[in-house]
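**Student:** Please read through the structure below; I'll follow up with questions.
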Amino acid sequence: MKTTPEQHPAAILSPEDKTHVQALRQVFVERVLSVTQTTMDMKKLLARAFPDVSNEVNGDLRAALDQLDDLKRCLDSFRPLNPTQLENLQRTWDTEYTYESNRIEGNTLSLQETHMVIAKGMTIKGKSLDEHLEARNHQAAIGYIRELAGQEVVLNERLVNHIHAIVLGGIRPLDAGVYRKVQVEITGARHVPPPPYLVPKRMEDVFHFYDEYATAFHPALLAADMHEKIVTVHPWIDGNGRTSRLVMNLILLQHGYPIARISGDDDARLAYYAALEQAQVDGNIEPFRQLVVDYIKQSFFEYLAAVVVNAGEDMETKGAYFYERMAHYV
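If you want the working numbering, it's the 1-based position in the sequence shown plus 867.
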């Protein structure tokens, strides 16, 4: 099995390189970590180093994509992460992702309740069986895409339908992993998904697009476009949004990116739907791409902040590029 980007072997450093990294880290610790002791503070520092460029490029995402490349290089400089640190980070990260993705779709479990359902197998009084299953299923689906990201797999319809089958397992078992056979409408949306007899052909077109552009597109754009294309077809009777976001994040994971968590709060959900509708109805995918890129950037901030603030002694010779990149801001 192929190792994931998180598990890649560390580069072998010369004694001189190790000394250089340790010196950079010591300056950072003295000037930043001695006073900046929370991930929130660290995210603010990262925001200074990687300011918003969305209004400076007249709709061209190149500057924002360059920032993502730079942030990935920062994160890569700490890899491989300590296995315990990585496990703890992913556990928290994935629970929050499950909570947000389900919240977008109307699940009323709180973040704490989602954690209790997933981690402790608890039943929450006053919450439906489906809401419990949505939490457990989504968490299982995250585990599946993380597993796929560690293998040399090519995204295809079979894999995506299997992701959907996990998402809908036990909720609508006859529809899990099966394309819809009825026409659907999306409440409050201008977009009307294609009739059921066109769904297989439209999904075939989606994966022709993927095969053509998988290596040509920037990973963030590929992830955003596949998300939009799948949810626009709306191929299943339910679970389209969650599955589309999981596919987006599988692509990101395969390229060494952290999972992007689209917020489920009211304002963020409306902005998400509005950007999708611009792509679906008006043919303008740029606002949706920008939205996804912004969420990926925030995910990098959160991930890097957690790694740096919680770094142990085993990290003393890692992070050279990050510390060099941040030297101007400390």
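Ideal placement from N, C-alpha and C gives every residue a C-beta, glycine not left out.
In this text the structure is predicted, and so the values were computed from the model without any measurement.
#1: Roughly how many angstroms lie between the CA atoms of A845 and L912, to the nearest whole one?
#2: Going by the beta-carbon positions, is the gap between R1069 and V1100 smaller than 8 Å?
#3: Could you tell me if K869 is buried or exposed, where buried requires 16 or more neighbouring beta carbons within 10 angstroms of its beta carbon?
#4: Would you kindly report the start and end of the unbroken alpha helix (DSSP H) that includes R1112?
#5: For Q1121, does the count of other Cβ atoms within 10 angstroms reach 16, so buried, or fall short, so exposed?
#6: Run through the stretch 992-1054 for me and flag every whole alpha helix (DSSP H) of 4 or more residues, listed as ranges in chain order.
#7: I'd like to confirm something about L912: is its beta-carbon nearer than 7 Å to some heavy atom of the ligand MG, or not?
#8: Report, in whole angstroms, the separation of the C-beta atoms of P1060 and Y1046, which I expect to be a contact under 8 Å.
#9: Buried or exposed: where does P950 fall if 16 or more other Cβ atoms within 10 Å of its Cβ makes it buried?
#10: Rounded to a whole number of angstroms, what is the C-alpha to C-alpha distance between V924 and D1161?
#11: Using the C-alpha atoms, what's the distance from A1141 back to N1151?
#12: Could you please give the first and the last residue of the uninterrupted alpha helix (DSSP H) stretch that includes F1167?
#13: Take every Cβ of the stretch 1024-1043, pair it with every Cβ of the stretch 1104-1113, and state whether three or more of those distances are shorter than 8 Å.
#14: Just to confirm, is the Cβ distance from V1114 to V1027 under 8 Å?
#15: I'd like to know if the stretch 937-954 and the stretch 1162-1174 are in contact, where contact means that at least 3 CB-CB pairs between them fall below 8 Å.
#16: Report all residues from its chain with a CB closer than 7 Å to the CB of Q1157; omit the five preceding and five following residues, and keep chain order.
#17: Going straight from the alpha carbon of L1065 to that of E1071, what length do you get?
#18: Flag this pair as yes or no: are the beta carbons of V984 and R970 separated by less than 8 Å?
#19: What did DSSP end up calling P1086 once you bin it into helix, strand or coil?
#20: Would you mind stating whether M907 and V1175 have Cβ atoms separated by less than 8 Å?
#21: With a floor of 4 residues, list each alpha helix (DSSP H) that falls wholly inside the stretch 893-968, ordered by position along the chain.
#22: Per DSSP, what kind of secondary structure is R1136 in: helix, strand or coil?
#23: From D1078 to G988, what does the alpha carbon distance come to, in whole angstroms?
**Tutor:** Let me spell this out:
#1: Here the chain has residues from 868 to 1197 only, and residue 845 is not among them.
#2: Contact annotation: R1069 and V1100 have beta-carbon atoms nearer than 8 Å.
#3: Note that K869 scores a pLDDT of 45, beneath 50, so its modelled location is shaky; the value from the coordinates is reported in the next line. Per the 10 Å Cβ criterion, exposed.
#4: For R1112, the uninterrupted alpha helix (DSSP H) segment begins and ends at N1107 to Q1121.
#5: By the neighbour-count rule (16 or more Cβ atoms within 10 Å), Q1121 is buried.
#6: For the stretch 992-1054, whole alpha helix (DSSP H) runs of length 4 or above, ordered along the chain, are 996-1016 and 1024-1035.
#7: For the ligand MG, the structure offers nothing, since it holds no ligand at all.
#8: Going by Cβ atoms, the distance from P1060 to Y1046 rounds to 11 Å, so no, they are not a contact pair.
#9: By the beta-carbon neighbour count (other beta carbons within 10 angstroms, threshold 16), P950 is exposed.
#10: Note that V924 has pLDDT 44, beneath the 50 cutoff, so the model's placement of it is unreliable and the number below is only indicative. The straight-line gap from Cα to Cα measures roughly 14 Å.
#11: Straight-line Cα distance between these residues: approximately 11 Å.
#12: E1153 to V1176 is the extent of the alpha helix (DSSP H) around F1167.
#13: Output reads yes: the stretch 1104-1113 touches the stretch 1024-1043.
#14: Taking the C-beta atoms as reference points, V1027 is found nearer than 8 Å to V1114.
#15: They touch, by the three-pair rule.
#16: Here the set comprises S921 and L928.
#17: So the two alpha carbons sit approximately 10 Å from each other.
#18: No, they are not a contact pair.
#19: Of the three classes helix, strand and coil, the one that applies to P1086 here is helix, per DSSP.
#20: Cβ atoms of M907 and V1175: not closer than 8 Å.
#21: You should have 906-916 and 929-943.
#22: Helix, per DSSP.
#23: In this structure, the alpha-carbon of D1078 lies about 40 Å from that of G988.
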